[in-house]
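Asker: The structure that follows is given in the form of structure tokens.
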């Protein structure tokens with residue numbers, strides 16, 4: 001990922017290299033390729049809400065299907081002897097019920113309320129029917145507690161009351177702010193609060209009631225609350241000595257509908273969660289464990305597990321050379337871990353394909369910056385395992401879609417996986433690379449490497465005969481400066497594609513903002529000796545990066561670039577977010593109808 005500010009230390013590195021050449025020139029010969037490390041594979045939270053979760057198998061299982069040539073696993077342990085622990089994922093059954101909440105029995109009755117819901121009438125009783133009935137059942141305890149605990153229903157507020165003589169042991173109040181929930185994001189936040197209450201109380205069962213909700217939004221609200229609860233319960237403890245136990249087993253959603261339609265919606269939410277969790281765990285896995293070869297194995301497992309709709313092609317370095325992927329291989333050249341070009345193809349059961357899509361993800365399993373090494377405060381080199389966040393979104397979406405199985409659409413999931421390291425075999429500033437479409441690139445900064453890998457990946461994607469291509473990448477620090485840590489930037493010449501992704505994001509709750517593709521900025525990307533340079537000046541860095549990628553997209557194909565450098569990672573949780581998975585799934589499903 002290119003930094004917002006220059007982090008070049010090429011002078012110092014060059015001096016060190018000259019000294020090394022004089023003293024021990026043999027050390028700069030190509031080192032033998034290290035074998036891939038081992039990780040643990042993942043299973044979804046459950047095949048459907050309530051199904052038993054299986055323990056993860058050790059990663060290293062070689063997928064065998066069709067024309068797949070995934071790298072064989074090695075018994076050699078990862079650097080530092082690190083391996084992931086087998087962890088059981090949350091098993092929660094969600095049930096839609098239209099019963100009387102006051103008769104419910106269990107550990108926690110969680111009621112989500114707005115500030116307006118707490119308004120009292122002239123008789124000093126709640127005007128909201130749900131709260132009035134609950135307060136009468138509790139003998140006025142709700143009124144007293146809301147006053148004593150200073151609970152006003154503001155967003156982020158919550159309070160738990162211990163009870164006796166009731167069917168439920170605790171009453172939890174969750175504040176929603178001024179308005180009733182009307183978006184997926186708001187309902188997912190309710191689910192996250194439910195998960196937090198359940199973890200604190202070690203509750204096995206929870207019922208969720210909304211004091212107010214629009215009738216037409218109930219179905220989507222149920223699914224979003226379920227998603228928020230599962231994602232809120234999930235903690236990635238694979239690399240910790242001890243894992244926290246999840247006690248929650250049953251969540252009843254009261255008053256949001258019941259029957260087959262709700263069950264189907266909850267199944268969809270579960271499938272989506274499995275993809276988001278998969279994406280999170282890929283980003284969280286350290287670079288000494290998740291090498292390009294291991295990432296390829298993880299992708300191949302999706303195809304082997306869901307062979308009814310998926311095939312996988314894994315290309316090694318030699319095959320990429322045959323395809324003339326000089327831009328991608330230039331980035332990979334310095335690493336002892338070999339590159340893997342990964343292509344998963346989804347075809348619906350029964351065929352009848354009406355539309356062909358491609359989703360391309362940046363797959364830098366670690367980015368040192370190369371000879372323009374990342375140095376100084378703010379360079380975040382210790383977090384550069386997340387530079388494959390684009391590929392995590394791609395494969396997370398693939399896993400979810402493998403279970404959802406949308407009809408009528410063919411989808412190609414493409415990742416050029418490698419590391420950007422430093423060695424005597426690596427690309428240098430000033431080198432000229434030739435991409436697979438014949439265009440030449442002068443490398444003026446080795447830390448602008450992601451776009452070089454995406455160049456060949458985009459050419460490959462367009463050669464699959466697709467109608468639309470979306471690429472995702474943690475591409476520029478400039479986009480983080482412009483939009484902050486929560487919003488991804490989107491760049492596209494296609495208004496139609498922009499509308500599609502925006503509509504999908506409104507369902508997913510993920511945040512995107514369209515940025516301009518100012519063609520005049522391309523002047524700063526021209527080279528005197530090649531077709532282009534790989535990076536421009538500091539100003540407009542995310543725009544020039546998008547303009548660079550555009551050079552490798554067929555003009556007949558609708559294309560969008562998503563720069564997700566900000567929302568890929570949560571500084572607060574110190575973990576990956578799974579960003580992009582939900583929006584990609586919604587986009588593909590919409591294109592299938």
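Residue numbers (full-length UniProt numbering): 1 to 593. Glycine included, C-beta positions come from ideal geometry on N, C-alpha and C. As the structure is a prediction and not an experimental result, all values here were calculated from the model.
Note down, one range per segment and in chain order, each beta strand (DSSP E) of at least 3 residues found wholly within the region 417-444.
Answerer: Taking only runs of at least 3 residues, the beta strand (DSSP E) segments lying wholly in the region 417-444 are 432-434 and 440-442.
Asker: Between 454, 129, 209 and 490, which lies nearest to residue 99 when the distance is taken from Cα to Cα?
Answerer: By 1-based counting over the chain shown, the position of residue 99 is 99. If we check each option's Cα against that of residue 99, 209 comes out closest.
Asker: When we look at the beta-carbon of residue 279 and count the other beta-carbons within 10 Å, is it buried (16 or more) or exposed?
Answerer: Counted from its first residue, the chain shown places residue 279 at position 279. Buried: at least 16 other Cβ atoms inside 10 Å.
Asker: Where in the region 266-306 do unbroken runs of the alpha helix (DSSP H), each at least 4 residues long, occur, reported from the N-terminal end onward?
Answerer: Taking only runs of at least 4 residues, the alpha helix (DSSP H) segments lying wholly in the region 266-306 are 292-305.
Asker: Check whether the region 281-299 touches the region 569-576, taking contact to mean three or more Cβ pairs, one atom from each stretch, closer than 8 Å.
Answerer: The region 281-299 vs the region 569-576: in contact.
Asker: Got a sec? Which residues, its chain only, sit under 8 Å from residue 402 by beta carbon, not counting five neighbours each side?
Answerer: Here residue 402 is taken as the residue at index 402 of the chain shown, counted from 1. Result list for residue 402: 302, 305, 306, 309, 310 and 346, in chain order.
Asker: Just to confirm, is the Cβ distance from residue 339 to residue 286 under 7 Å?
Answerer: As a first step, residue 339 is located in the chain shown; it is residue number 339 there, counting from the start. As a first step, residue 286 is located in the chain shown; it is residue number 286 there, counting from the start. Not a contact, by the Cβ cut-off of 7 Å.
Asker: According to DSSP, is residue 374 part of a helix, a strand, or is it coil?
Answerer: In the chain shown, counting from the first residue as 1, residue 374 sits at position 374. Three-state DSSP puts residue 374 in coil, outside helix and strand.
Asker: Just to confirm before moving on: does the CB-CB distance between residue 275 and residue 397 stay below 7 Å?
Answerer: In the chain shown, residue 275 corresponds to position 275, counting from 1. In the chain shown, residue 397 corresponds to position 397, counting from 1. Their beta carbons are under 7 Å apart, which means residue 275 touches residue 397 by this criterion.
Asker: Check each candidate in 467, 471, 149 and 510 and name the one with the smallest Cα separation from residue 457.
Answerer: Taking the first residue of the chain shown as position 1, residue 457 is located at position 457. With distances taken between Cα atoms, residue 457 lies closest to 471.
Asker: For my contact list, residue 371 and residue 446 are in at a C-beta cut-off of 8 Å; report their separation, rounded to the angstrom.
Answerer: Taking the chain shown and counting its residues from 1, the one referred to as residue 371 is at position 371. Taking the chain shown and counting its residues from 1, the one referred to as residue 446 is at position 446. Right, the Cβ-Cβ distance comes to about 5 Å (below 8 Å), so this counts as a contact.
Asker: Go through its chain and collect everything with a Cβ distance to residue 508's Cβ below 7 Å, but skip five positions before and after it.
Answerer: Translated into the one-based positions of the chain shown, residue 508 becomes position 508. Result list for residue 508: 184, 582, 583 and 586, in chain order.
Asker: What residue range does the alpha helix (DSSP H) around residue 225 cover?
Answerer: Counting from one through the chain shown, the residue named residue 225 turns up at place 225. Residue 225 -> alpha helix (DSSP H) spans 218-233.
Asker: On the three-state DSSP scale, how would you describe residue 538?
Answerer: As a first step, residue 538 is located in the chain shown; it is residue number 538 there, counting from the start. Looking at residue 538 - three-state DSSP - the assignment turns out to be coil, as it is neither helix nor strand.
Asker: Candidates 130, 356, 192 and 440: which alpha carbon is nearest residue 408's?
Answerer: Mapped onto the chain shown, residue 408 falls at position 408. With distances taken between Cα atoms, residue 408 lies closest to 356.
Asker: Ordered along the chain, which non-local residues of its own chain (more than five positions away) have a Cβ less than 7 Å from that of residue 288?
Answerer: By one-based count along the chain shown, residue 288 stands at place 288. Only 37, 78, 79, 80 and 82 meet the Cβ criterion.
Asker: For residue 264, name the three-state secondary structure that DSSP assigns.
Answerer: For the purposes of this step, residue 264 is taken as the residue at position 264 of the chain shown. DSSP places residue 264 in helix when its eight states are reduced to three.
Asker: Report the partner residues of residue 395 according to the DSSP bridge assignment.
Answerer: The sequence position of residue 395 within the chain shown is 395, counting from 1. The partner list for residue 395 (beta bridge, DSSP) is empty, contrary to what the question assumes.
Asker: Give the single residue among 179, 358, 218 and 101 whose Cα lies nearest to the Cα of residue 207.
Answerer: Working through the chain shown from its first residue, we reach residue 207 at position 207. The option with the nearest alpha carbon to residue 207 is 101.
Asker: Anyone know if the C-beta pair for residue 153 and residue 192 falls short of 7 Å?
Answerer: Within the chain shown, numbered from 1, the residue matching residue 153 stands at position 153. Within the chain shown, numbered from 1, the residue matching residue 192 stands at position 192. No, these two residues do not count as a Cβ contact at 7 Å.
Asker: Which residue's Cα is closest to the Cα of residue 331: 365, 125 and 343?
Answerer: For this step, residue 331 is matched to residue 331 along the chain shown. Taking only the C-alpha atoms, the option nearest residue 331 is 365.
Asker: Residue 563 and residue 479 - do their beta-carbons sit closer together than 7 Å?
Answerer: As a first step, residue 479 is located in the chain shown; it is residue number 479 there, counting from the start. As a first step, residue 563 is located in the chain shown; it is residue number 563 there, counting from the start. Yes. Within cutoff.
Asker: Let's test the definition: count the other Cβ atoms within 10 Å of the Cβ of residue 181 and tell me whether it reaches 16, buried, or not, exposed.
Answerer: Here residue 181 corresponds to residue number 181 of the chain shown, with the count starting at 1. Result: buried.
Asker: Span of the beta strand (DSSP E) holding residue 206?
Answerer: For this step, residue 206 is matched to residue 206 along the chain shown. That run of the beta strand (DSSP E) goes 205-210.
Asker: Apart from the five residues just before and just after residue 592, which ones in its own chain have a Cβ nearer than 7 Å to its Cβ?
Answerer: Numbered from 1 along the chain shown, position 592 holds the residue referred to as residue 592. So the list reads 406, 407, 408 and 409, once near-sequence residues are dropped.
Asker: Would residue 168 and residue 109 be called neighbours here (beta carbons separated by less than 7 Å)?
Answerer: Numbered from 1 along the chain shown, position 168 holds the residue referred to as residue 168. Numbered from 1 along the chain shown, position 109 holds the residue referred to as residue 109. Going by C-beta atoms, residue 168 is nearer than 7 Å to residue 109.
Asker: Looking only at DSSP bridge pairs, what is residue 345 linked to?
Answerer: Taking the first residue of the chain shown as position 1, residue 345 is located at position 345. In DSSP, residue 345 forms a bridge with 311 and 412.
Asker: Taking only three categories from DSSP, how would you classify residue 633?
Answerer: Residue 633 falls outside the range modelled here, since the chain spans only 1 to 593, and no answer is possible.
Asker: Any idea if residue 326 is buried or exposed, counting beta-carbon neighbours within 10 angstroms, 16 or more meaning buried?
Answerer: Against the chain shown, residue 326 aligns to sequence position 326. Buried, because 16 or more other Cβ atoms sit within 10 Å of the Cβ of residue 326.
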